[in-house]
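Numbered according to the UniProt record's numbering, the sequence shown spans residues 1 to 762. We put the CB at the ideal spot given by N, CA and C, even for glycine. Have a look at the structure below, then the notes.
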Amino acid sequence: MNFSIATLLSNFPDDKSVAPKVLEKKLACDDEDSLGKLLIALEALERTGILVKERGRYRREDNEGLVEAKLRCSSKGFCFAIQDAEGAEDIYVRESYLSTAWNGDRVLVKVIKDGSRRRSPEGEVRLILERANPSVLARVKQVDDEFRAVPLDDRLLFEIHLEPDERLKDAVDYLVHVEVQRYPLGDNPPRGQVVQVLGSDAEAANDIDIVCCKHDLPRRFSRKVLESLAEISADITTKDAKQRLDLRHLKTLAFVDDPLSPGCVERAYSLTRFARDQWQLGIHLADVGRLVELNSPVEREARRRGISVYLGETLLPLFPDSIIEAASFTPEGDRCAISLLITLDETGQILEYEVQPSILLLDRLVSYEETQTFLGEDASQPQSKSEKDLAATLKEFQQVSHLLREQRYLRGSFDLHLPEASTHFGDEVPLGAPVFNTQPIINTLTYEFVVTANQLVADHLTALGVPALYCIQLQPDIDDVHDAIKLASNMDLELWLEDEEQAFPSDFKQFADQVAGTEEEKILNYLLEAVIRPHYYSNQPGVHFGLALDDGYTHINAPLQRYVDYLLQQVLHAVFTKGRDRRTSRSKESVNLNHSSCHGQINWNVLPPGVQSELEEHLSGLAIPLTERERLALEAENDLNGLQKAGAMKERTGEVFRGLITGVQSYGFFVEIEAGENGMAPPRLEGLVHVSSLKDDWYEYRSRQQTLVGRKNRKQYRLGDRVDVQVKSVDYYRQQIDLAPVGGGSEAPPNDDDDNFFGEEE
């Protein structure tokens with residue numbers, strides 16, 4: 001198995017030594033080549049002072065002078081090491097101190113010069129923990145008798161010397177995917193090998209190929225992984241059945257796009273009314289943990305991938321098909337599940353809940369179309385008995401969903417309404433906030449169920465004191481919020497904060513309610529989106545701003561698509577099978593570890609020391625790479641969307657569109673294209689009107705108002721204005737759409753003092 005230094009170091013718990021044999025097992029070093037690489041890495045880390053060897057075992061040395069960070073470089077060669085810690089300063093790294101590190105690499109940096117009021121601290125790279133570019137997109141060029149690859153990413157300031165290959169003569173100036181064979185070492189340049197010729201240019205290449213190569217996304221599972229799945233089966237043994245709660249009597253539904261080809265079905269729902277004033281909501285998750293063991297080849301590959309990636313119709317899954325088929329719910333057979341049974345009162349308040357291993361038999365796959373038919377704005381009346389039963393069940397689900405939403409609103413949570421808001425995992429989008437659009441209605445129906453499940457499982461794991469990964473979203477920076485409020489005021493929106501020193505979720509709820517249904521709603525949602533911080537994973541519980549939670553939140557509802565969700569199933573399995581329900585074996589009083597009634601009653605370690613330690617070691621060091629992996633998946637999906645939008649607009653060069661100004665800078669303004677002569681444009685498609693395109697006057701930038709104003713004609717282009725624009729040109733690979741104004745904008749207020757108006761700093 002290939003491993004990075006970061007992966008190797010993640011296996012060293014604080015103040016504990018580890019034997020090489022243990023590392024061999026954890027890193028799957030099962031051949032001479034990988035064993036040799038491990039020994040070389042250990043020796044190198046010992047020589048650099050990162051590891052200390054004592055009696056044949058290694059432990060990590062506490063190096064206070066070294067900072068772990070991620071390199072961010074510009075096309076001009078400026079590099080900064082971005083620390084993970086919230087509020088930590090960025091460290092400037094000169095080119096001569098990069099030690100062959102490239103943009104995106106995770107590194108250990110030593111600060112060699114403290115920062116001042118106006119300058120960042122300076123540092124040097126002491127160790128490259130993980131390379132971010134195992135392969136690159138590049139163009140082939142010929143230098144004498146040698147061929148080189150020039151990366152398309154202008155932040156990668158080097159050329160890769162290519163391994164000799166006769167076929168390269170025909171690939172000169174072509175776009176290729178280059179696999180790095182050797183990174184630069186001393187005066188030796190990097191070397192690589194062309195693994196795929198994509199096309200004469202980006203437009204000629206397949207867009208999926210471009211995205212997968214650019215982000216180094218795996219498209220196949222190795223033979224070793226697939227061979228390890230030979231005995232995977234959905235069959236439930238008698239022993240396993242006895243240890244599970246039989247819930248096959250419950251009427252359970254799962255929602256899918258196409259019931260004839262359901263694909264991954266990892267969630268099912270049931271709803272039972274106990275009395276007039278109580279419901280039991282069942283949220284049932286496919287039990288992937290029973291099929292995939294920790295440290296198995298499949299688990300290691302899933303850990304590396306981190307998350308399923310959706311590239312249009314192409315899915316790059318977390319697990320192979322055989323796992324998905326064996327775990328997914330189906331009306332044709334029993335399935336193992338992890339079930340969360342929640343008792344609610346008539347207001348949606350949660351009275352109690354339990355988390356149980358279970359056996360489930362799905363009653364029905366319900367299509368999104370059926371849900372829309374019976375619950376949409378133009379809901380039709382059911383005709384047959386089966387349609388009436390389904391419609392009644394869906395309306396009950398909708399009623400409970402509304403109750404849970406009202407409870408979320410009461411604690412201060414808010415919603416954003418944005419285009420392209422769909423999520424593949426059923427919960428909050430990577431932005432970390434609840435985001436909706438109008439279609440399909442299933443998103444709003446099941447959203448409250450899955451975020452409630454995520455919240456309750458986080459509460460339960462915290463109460464049990466077992467290892468876990470939590471999803472954190474911090475408060476937005478207050479200065480950013482004030483800037484957004486000022487920009488909103490330019491659109492005559494008067495927003496205010498409860499506390500001028502910090503923003504609360506309830507403030508955002510108030511903002512959203514104030515503009516709901518107005519023309520300004522879209523722009524304000526964009527402003528709020530820009531200041532909301534993305535979520536990240538942590539080994540400790542914390543706040544989640546978008547959901548207005550202070551005590552912890554996690555992800556559990558997508559175990560076939562997100563590694564974090566699968567991993568927490570393994571933690572729950574440890575509780576189910578090895579958890580201790582009393583302080584000592586002689587204690588008569590016990591608690592139910594699967595029920596919320598045990599919260600506050602536990603004053604002992606639930607898991608045996610060995611199990612607790614093993615899980616802690618497995619989870620340590622995973623929070624950052626899993627966060628980065630999910631962000632990489634989002635970047636890849638956005639890249640594909642951008643390429644497809646650029647391709648669509650390239651064909652419509654010269655056409656005129658109506659648009660909305662979504663941002664203004666000194667160099668021009670951004671326009672979201674809404675419609676053209678031939679109908680609607682793709683959602684959230686933006687182009688730039690550069691100031692050089694404004695030929696009718698000299699325009700100056702008013703930074704506080706995000707406005708460009710003509711000095712003579714008093715015409716202005718400001719945030720929220722409608723404009724007519726013509727598509728001038730499109731750069732497909734960079735996804736840049738250049739526009740020219742042909743009408744629209746607004747008139748600057750006549751009472752502005754020219755000196756004051758134009759005398760502001762940019």
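Give the range of the beta strand (DSSP E) segment to which residue i is assigned.
{"i": "D345", "result": "R335 to D345"}
{"i": "R273", "result": "R267 to A275"}
{"i": "V466", "result": "Where V466 is concerned, there is no enclosing beta strand (DSSP E), given that its DSSP letter is neither H nor E."}
{"i": "K141", "result": "S135 to V143"}
{"i": "L129", "result": "E122 to E130"}
{"i": "Q475", "result": "Element bounds for Q475: n/a, residue is neither H nor E."}
{"i": "F147", "result": "E146 to P151"}
{"i": "Q356", "result": "I350 to L360"}
{"i": "Y58", "result": "R57 to R60"}
Can you tell which of the options has the C-alpha that lies nearest to the C-alpha of residue i?
{"i": "E332", "options": "G432, E520 and V265", "result": "V265"}
{"i": "D513", "options": "L528, E500 and T314", "result": "L528"}
{"i": "Y717", "options": "K224, S703, S729 and V727", "result": "S703"}
{"i": "A453", "options": "N490, D15 and V355", "result": "V355"}
{"i": "D363", "options": "R586, A302, L341 and H284", "result": "H284"}
{"i": "L351", "options": "Q278, L229 and A740", "result": "Q278"}
{"i": "F504", "options": "E494, S384 and Q473", "result": "Q473"}
{"i": "P151", "options": "I624, V178 and L127", "result": "V178"}
{"i": "residue 765", "options": "K388, K26 and F374", "result": "With the chain running from 1 to 762 in the structure shown, residue 765 is simply not present."}
{"i": "H599", "options": "A463, N525, C73 and I342", "result": "A463"}
{"i": "L632", "options": "A204, C212, T7 and L42", "result": "C212"}
{"i": "N594", "options": "Q726, P357, S75 and V194", "result": "P357"}
{"i": "K26", "options": "Y310, E299, F147 and F508", "result": "E299"}
{"i": "L344", "options": "F425, D492, F449 and H417", "result": "F449"}
{"i": "F147", "options": "A138, D154, R155 and H161", "result": "H161"}
{"i": "Y733", "options": "R629, K645 and G659", "result": "K645"}
Between which two residues does the alpha helix (DSSP H) containing residue i stretch?
{"i": "D513", "result": "P505 to V515"}
{"i": "S34", "result": "E32 to R47"}
{"i": "S489", "result": "I478 to S489"}
{"i": "H618", "result": "P609 to L619"}
{"i": "T584", "result": "Taken as a continuous stretch (DSSP letters only), T584 belongs to no alpha helix (DSSP H), as it is neither H nor E."}
{"i": "Q383", "result": "From DSSP, Q383 is part of no alpha helix (DSSP H); its letter is neither H nor E."}
{"i": "P20", "result": "P20 to K26"}
{"i": "Q665", "result": "Per DSSP, Q665 belongs to no alpha helix (DSSP H); it is in the beta strand (DSSP E), V656 to Q665."}
{"i": "Q570", "result": "Y563 to K578"}
Use the C-beta contact count for residue i: other C-beta atoms within 10 angstroms, 16 or more gives buried, fewer gives exposed.
{"i": "A19", "result": "exposed"}
{"i": "D207", "result": "buried"}
{"i": "D427", "result": "buried"}
{"i": "H249", "result": "exposed"}
{"i": "T444", "result": "buried"}
{"i": "P609", "result": "exposed"}
{"i": "E747", "result": "exposed"}
{"i": "L619", "result": "buried"}
{"i": "A241", "result": "exposed"}
{"i": "residue 763", "result": "Missing from the structure shown is residue 763; the chain here goes from 1 to 762 and no further."}
{"i": "R405", "result": "buried"}
{"i": "L260", "result": "exposed"}
{"i": "residue 765", "result": "In the structure as shown, the chain begins at 1 and stops at 762. Residue 765 is therefore absent and cannot be evaluated."}
{"i": "K214", "result": "buried"}
{"i": "F78", "result": "exposed"}
{"i": "H555", "result": "buried"}
If you run the structure through DSSP and keep just helix, strand and coil, what is residue i?
{"i": "C598", "result": "helix"}
{"i": "E674", "result": "strand"}
{"i": "D404", "result": "Sequence inspection shows Leu at residue 404; the Asp mentioned does not correspond to that position. Reduced to three states, the DSSP call for L404 is helix."}
{"i": "W698", "result": "coil"}
{"i": "F374", "result": "helix"}
{"i": "F397", "result": "helix"}
{"i": "C213", "result": "helix"}
{"i": "E651", "result": "coil"}
{"i": "P184", "result": "coil"}
{"i": "Q83", "result": "strand"}
{"i": "G642", "result": "helix"}
{"i": "T554", "result": "coil"}
{"i": "G432", "result": "coil"}
Continuous beta strand (DSSP E) assignments of at least 3 residues falling wholly in the region 704 to 753: 707 to 710, 715 to 718, 722 to 731 and 736 to 744
Continuous beta strand (DSSP E) assignments of at least 3 residues falling wholly in the region 258 to 325: 267 to 275, 278 to 286, 309 to 311 and 314 to 316
Secondary structure, beta strand (DSSP E): runs of 3+ residues fully inside the region 218 to 261: 252 to 256
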